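S.K.: Per my numbering, residue 201 is the first one in the sequence shown, and the count goes up by one each step. Backbone N, C-alpha and C define an ideal beta-carbon position, used for all residues, glycine too. Keep in mind the model is a prediction, meaning the values are calculated, not measured. Right, I'll just put the structure down here and ask away after.
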Amino acid sequence: MKFYNSIVFKATALVLLLFTIFIIFNYDLLSQNLILYRSFLVFALICLVITIFTTQRVSGTIFKISKQVEDYTNNNYSERKNIVGNNETTLLYDNVIKLGEEIEKTQDTLESQHNRLNGILTYMTDGVIATDRRGKVVMANAAALSMLDETEKNILSRRIVDVLGLAQKYSFRDLLTQSPEIIVDRENEMGEYVSIQLHFALFRRDSGFISGLVVVLHDVTEQETAERERRLFVANVSHELRTPLTSVKSYLEALDEGAWKDPDIAPNFISVSLEETNRMIRMISDLLTLSRMDREDMIADKEVVNFVAFLHFQLNRFDQMSATTGLDKTIKIIRKIPFNPIWIEIDTDKMGQVIDNIMNNAIKYSPEGGNITVSLEETSNQLLLKISDEGMGIPKKDLPKVFDRFYRVDKARNREQGGTGLGLAIVRDVIKLHDGYIWASSDGESGTTITIILPYNPTLTQEVEEEDDWE
Ligand code: ADP
């Protein structure tokens, strides 16, 4: 600040001006009376000194107050100026200090609220994007960036309708006025489909002026997939039951219309109807098994068994079955099973059904004279069970799908063979219940191998063996 603009200069100049005017108007009087003249000069000098001293103090205090305010603007709230006195300027200074304390408190509160909000936005699983009033993105949290496979740099300042891929159907105004509920299906970086549900909310100032839009992104892939699967499942069940029911109905109608009298065709119609009815019963019982498995509270009824003996028992049933029921083809079951016992905790009923379903498939798809090899191996923490046949195999593209409900490689032929398409689905669910893994391998032309891995703890075998020794 220039000195001639200061209070001190202006007040001094004013006092000097007043005295000068006084001298001019009283010149005659003062020039005749020397004592009066001198007294006036002393008085003027004292007035001048008082004026300079007082204005200097006021100006100093004002300067300090302005410095204090400057400190506040630089976020420095701790430093205090040394001001003494008890006048209007010191009162002003005290109030400025109080104002500073209030600002500091408000700033602290705002900062902690901001940090809290930032923490919530960073760690929440839903995505959040905020835009300005023109629809340009101003903020996106980590979840939103990962759902959209975007980086913050890439997304900021872009139009929200472009970022969400809605530009063709919606304008920013539509989002503001209609706040529609939208589900966007998109492919993520790994090539998987994800479904994201979008919720829109306006944010306004106290004046009612719209200052932007907040979009909440919620990943609903699981619900959407479950819903899609449920719809597909209902459609499949209806279709699967409708086909045999229609054929049974048409055979019964034919019999009703008089075919029952014809000894050449009646037995055939009745036997086909019986076969179809049996298949429906099998399908419904498979569906019931699956539905029981689907219940989340389903637990395996496990007991400790010697898996080697258990496997032999299951396979013996197939040997006997082919002997007694007389399969229309000769099939040999080759066993590559260790001699020593292997104790493991399993649900024997359910695991029996697993062996049953896999063996039935192996027999069903094996050629005349084919071999089915069943091998069992143990490692330090796993049991490896393989069932291989020499049948027509499964094409590579179908391998991962054969465990899906109602999936059949060759629909017409499998249905003819009485398959329900649910056997391997049940097998997969049982193995999952035992914390194991299962997969099918085949070169697509000759033979299929189903491999099962079960968790295994050799100490259990040792413990059981030791107990037996004691007895
Ligand atoms: P299905 O009751 O029709 O046999 P599954 O769920 O047991 O149903 O099997 C699903 C499909 O996988 C079968 O329809 C068949 O196409 C194929 N499949 C299963 N096991 C074999 C196998 N050992 N050899 C060839 N194809 C098989």
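Assuming residue 650 contacts residue 558 (C-beta within less than 8 Å), just tell me the rounded distance between them.
M.R.: 5 Å
S.K.: Is the separation between the beta-carbon of residue 602 and that of residue 640 shorter than 8 Å?
M.R.: yes
S.K.: In terms of residue numbering, what span does the alpha helix (DSSP H) encompassing residue 217 cover?
M.R.: 207-225
S.K.: Let me know if residue 202 comes out buried or exposed under the rule of 16 or more other beta-carbons within 10 Å of its beta-carbon.
M.R.: exposed
S.K.: In this structure, how does DSSP classify residue 282 when only helix, strand and coil are distinguished?
M.R.: coil
S.K.: So, with DSSP's three-state summary, where would you put residue 660?
M.R.: helix
S.K.: Just checking residue 620 against the ligand SAH - is the residue's beta carbon closer than 7 Å to any of the ligand's heavy atoms?
M.R.: The ligand SAH is not among the ligands present in this structure, which contains only the ligand ADP.
S.K.: Can you list, in chain order, the residues of its chain whose CB lies under 7 Å from that of residue 215, leaving out five sequence neighbours each side?
M.R.: 247, 248, 251
S.K.: Which of helix, strand or coil does DSSP assign to residue 637?
M.R.: Residue state for residue 637 is assigned as strand, using DSSP reduced to three classes.
S.K.: Can you give me the Cβ contacts of residue 672 inside the same chain, cut-off strictly under 6 Å, excluding the 5 residues immediately before and after it?
M.R.: Outside the shown range of the chain, which is 201 to 671, sits residue 672, and nothing can be said about it.
S.K.: List the whole-angstrom C-beta distance separating residue 572 from residue 531, where the pair is believed to meet the contact cut-off of C-beta under 8 Å.
M.R.: 6 Å
S.K.: Is the separation between the beta-carbon of residue 537 and that of residue 504 shorter than 8 Å?
M.R.: no
S.K.: In chain order, which continuous runs of the beta strand (DSSP E) of length 3 or greater are located wholly inside the segment 555-620?
M.R.: 571-578, 582-588
S.K.: Which of the three DSSP states is assigned to residue 400 in this structure?
M.R.: strand
S.K.: Tell whether a beta-carbon distance below 8 Å holds between residue 619 and residue 591.
M.R.: Cβ atoms of residue 619 and residue 591: not closer than 8 Å.
S.K.: Are the CB atoms of residue 300 and residue 323 within a distance shorter than 8 Å?
M.R.: No, Cβ-Cβ distance for residue 323 and residue 300 is not below 8 Å.
S.K.: Would you be able to state if there are at least three C-beta pairs under 8 Å between the segment 370-382 and the segment 395-403?
M.R.: yes
S.K.: Going along the chain, which residues of its own chain have a beta-carbon closer than 7 Å to the beta-carbon of residue 636, five neighbours each way excluded?
M.R.: 652, 653, 654, 655
S.K.: What is the DSSP secondary structure of residue 501, reduced to helix, strand or coil?
M.R.: coil
S.K.: Which one of 469, 363, 453, 465 has the shortest CA to CA distance from residue 337?
M.R.: Checking every option, the nearest Cα to that of residue 337 belongs to 363.
S.K.: Exposed or buried, what is residue 341 when buried is set at 16 or more other beta-carbons lying within 10 Å of its beta-carbon?
M.R.: buried
S.K.: According to DSSP, is residue 367 part of a helix, a strand, or is it coil?
M.R.: Of the three classes helix, strand and coil, the one that applies to residue 367 here is coil, per DSSP.
S.K.: Whole angstroms is fine: what's the gap from residue 356's alpha carbon to residue 345's?
M.R.: Taking the Cα positions, residue 356 is about 11 Å away from residue 345.
S.K.: With which residues is residue 536 paired in a DSSP beta bridge?
M.R.: Checking the DSSP bridge columns, you'll see residue 536 partnered with 575.
S.K.: Are the segment 420-439 and the segment 452-462 touching, with three or more C-beta to C-beta distances below 8 Å?
M.R.: no
S.K.: Compare the beta carbon distance of residue 349 and residue 389 with 8 Å and say whether it is the shorter of the two.
M.R.: The answer is yes: Cβ separation under 8 Å.
S.K.: Measuring alpha carbon to alpha carbon, tell me which of 634, 543, 211, 552 ends up nearest residue 668.
M.R.: Residue 543 is the option with its Cα nearest to residue 668.
S.K.: Does the beta carbon of residue 490 fall short of 7 Å from some heavy atom of the ligand ADP?
M.R.: No, since every heavy atom of the ligand ADP falls outside the 7 Å radius drawn around the Cβ of residue 490.
S.K.: By DSSP, does residue 489 sit in helix, in strand, or in coil?
M.R.: helix
S.K.: Using the beta-carbon count (16 or more within 10 Å), is residue 589 buried or exposed?
M.R.: buried
S.K.: Would you call residue 268 buried or exposed, if buried means 16 or more other Cβ atoms sit within 10 Å of its Cβ?
M.R.: buried
S.K.: Helix, strand or coil for residue 356 per DSSP?
M.R.: In the structure shown, residue 356 sits in coil (DSSP, three-state: anything other than H, G, I, E or B).
S.K.: Do residue 440 and residue 606 have their C-beta atoms closer together than 8 Å?
M.R.: yes
S.K.: Residue 570: beta carbon under 7 Å from a heavy atom of the ligand ADP?
M.R.: no
S.K.: Tell me the DSSP bridge mates of residue 394?
M.R.: Beta-bridge analysis with DSSP links residue 394 to 386.
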